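Some notes on the structure that comes next.
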Amino acid sequence: MSLLLFTLAVFGIAISAGLLGSLTGLGGAIVVTPALSLLLGVDLRYAIGASLVSVIATSSGAAAAYVRDGLSNIRVGIFLEVATTAGAITGALLSGRLSTGALAVIFGVVLLHSAWTISRTREETPRPKQDGRLARWLRLDGTYRTPEGEVDYVVTKEAGGFGLMYVAGVLSGLLGIGSGALKVIAMDRVMGLPFKVSTATSSFMIGVTAVASATIYLKRGYIRPEIALPVMLGVLAGSMVGARLLPRMPVKTLRKIFAIVVAVISAQMIIEGLRGKL
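The opening residue of the sequence shown carries number 0 in numbering that gives the first Met the number 0; numbering runs sequentially from there.
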């Protein structure tokens with residue numbers, strides 16, 4: 000395959016991944032990496048490196064909008080970034096010690112969890128009434144705007160959220176994904192932040208986490224411009240299209256269909272990883 004055809008193929012896959020990620024809330028990075036490896040035979044580490052670049056690019060735009068709208072809790076984000084950055088560096092260092100087959104199996108398991116996450120109906124998590132001692136000392140509690148007015152919320156179980164954020168960082172550095180789902184679970188289900196604040200703060204954090212691990216991938220030569228550039232542009236374009244289509248599409252039905260697709264991809268990743276073909 001010529002370089003031009005290869006670039007166009009990567010760009011097309013990235014657009015599809017960005018569109019899928021936008022419509023499901025998964026993010027394009029978690030789809031583009033297995034697609035590049037399974038469909039084009041790209042070495043998994045190069046696919047992960049390109050994916051990290053796309054995570055940095057896509058999260059920057061979303062993060063700016065959420066900060067402007069007052070949804071992101073900057074104090075919580077900075078506090079938890081200590082854990083995610085340390086985890087991302089750990090994951091990036093571990094990636095050099097694991098075989099691509101092992102990485103593929105881990106990626107497949109994470110995809111299976113993502114498929115389960117997007118297929119289930121989310122229930123509102125009860126909000127805590129009293130904040131934690133550390134949250135009070137760091138002034139992590141906040142307020143966000145709604146059509147009905149401003150809503151106050153408190154932050155609790157900071158240690159549990161901090162630990163989950165480290166795990167999310169490890170997965171981000173290891174697999175080149177934003178780990179947004181795990182970040183949201185940590186903030187929404189464990190620390191008691193409202194769901195909208197959790198997703199907005201997660202978007203604010205994802206780019207910083209990706210930069211920490213991308214530096215190591217770049218030093219090792221795993222970020223190649225001919226792969227990273229079309230992936231970044233394609234995921235950005237697909238995400239923008241998905242954002243426009245989202246209000247007019249049957250999201251619940253799409254999420255179920257996409258959950259099946261992601262589950263099939265994850266099974267393929269696990270099988271190919273166990274066979275040592277990736």
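In this text, a Cβ means the ideal position worked out from N, Cα and C, and glycines have one as well. Predicted, not measured: the structure shown is a model, and the values here were computed from it.
For E147, the three-state secondary structure derived from DSSP is coil. Rounded to the nearest whole angstrom, the CA to CA distance from M186 to S1 is 46 Å.
Here T208 is near T83, since their CB atoms are less than 8 Å apart.
Within 10 angstroms of the beta-carbon of K255 lie fewer than 16 other beta-carbons, which makes it exposed.
If only uninterrupted alpha helix (DSSP H) runs of at least 4 residues are considered, those enclosed by the stretch 198 to 276 are 224 to 244 and 250 to 274. G191 and D151 have their C-alpha atoms roughly 12 Å apart. By the neighbour-count definition (other C-beta atoms within 10 Å, threshold 16), V104 is a buried residue.
In the DSSP secondary-structure assignment, G141 is bridged to Y152.
If the five residues before and after G69 are omitted, its C-beta is found closer than 7 Å to the C-beta atoms of Y143 and R144, all from its own chain and listed in chain order. With contact defined as three or more Cβ pairs closer than 8 Å, the stretch 229 to 244 and the stretch 88 to 101 are not in contact. For the set A46, S212, V108 and V30, the Cα lying nearest the Cα of L273 is the one of V108.
Where G95 is concerned, there is no enclosing alpha helix (DSSP H), because DSSP gives it neither an H nor an E.
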